């Protein structure tokens, strides 16, 4: 008992000559459909933007770049300021350290020869003028 597809309300695409003449698959897998050529797969038209849209996009990109450059400049300036502050602070700390030192002048240099290694490490040469 064969069922006619037209009788059941199912529409089928009209078969072309090459589809009619095509034999059974070699593998016997009747449900597999033959692949279509690559050039026929994607036939969508590409989207074309208008000149105004292109100019708007260009303006937006330029504005974003300006903003980005400004942010980068601000960050680099902050880093430079931080480095400068740190340097000034270090100089101030060293200066204050020198002011607070207790200095003892060694007039007889022969005493240095009698000092132990640990004591010699603490001795520093300074200009006291």
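Numbering (the UniProt record's numbering), first residue to last: 1 to 129.
The beta carbon of each residue, even a glycine, is placed where N, CA and C say it ideally should be.
Keep in mind it's a predicted model, so treat the numbers as computed, not measured.
Does the separation of the CB atoms of residue 32 and residue 21 fall below 8 angstroms? Along the chain shown, one-based indexing puts residue 32 at 32. Along the chain shown, one-based indexing puts residue 21 at 21. Contact flag unset, no.
N-terminal and C-terminal residue of the alpha helix (DSSP H) that residue 75 is part of: Residue 75 sits at position 75 when you count from the first residue of the chain shown. Unbroken alpha helix (DSSP H) run through residue 75: 51-100.
How far does the alpha helix (DSSP H) with residue 110 in it extend, from its first residue to its last? The residue given as residue 110 occupies position 110 in the chain shown. Counting along the chain, the alpha helix (DSSP H) containing residue 110 begins and ends at 110-114.
If you reduce the DSSP assignment to three classes, tell me which class residue 123 lands in. Within the chain shown, numbered from 1, the residue matching residue 123 stands at position 123. Of the three classes helix, strand and coil, the one that applies to residue 123 here is coil, per DSSP.
Out of 83, 128 and 113, which one is the CA nearest neighbour of residue 121? Taking the first residue of the chain shown as position 1, residue 121 is located at position 121. Comparing Cα positions, the closest option is 113.
Element boundaries [alpha helix (DSSP H), containing residue 18]: Along the chain shown, one-based indexing puts residue 18 at 18. Its alpha helix (DSSP H) spans residues 17-21.
What first and last residue would you give for the alpha helix (DSSP H) that runs through residue 47? As a working mapping, residue 47 is identified with position 47 in the chain shown. That residue, residue 47, is in no alpha helix (DSSP H); it is neither H nor E in DSSP.
Residue 60 to residue 99 span [Cα, whole Å]: Residue 60 sits at position 60 when you count from the first residue of the chain shown. Residue 99 sits at position 99 when you count from the first residue of the chain shown. If I take the Cα positions, the gap works out to 58 angstroms.
Could you check the C-alpha separation between residue 27 and residue 48 for me, to the nearest Å? For the purposes of this step, residue 27 is identified with residue 27 of the chain shown, where counting begins at 1. For the purposes of this step, residue 48 is identified with residue 48 of the chain shown, where counting begins at 1. Taking the straight line joining both Cα atoms gives about 45 angstroms.
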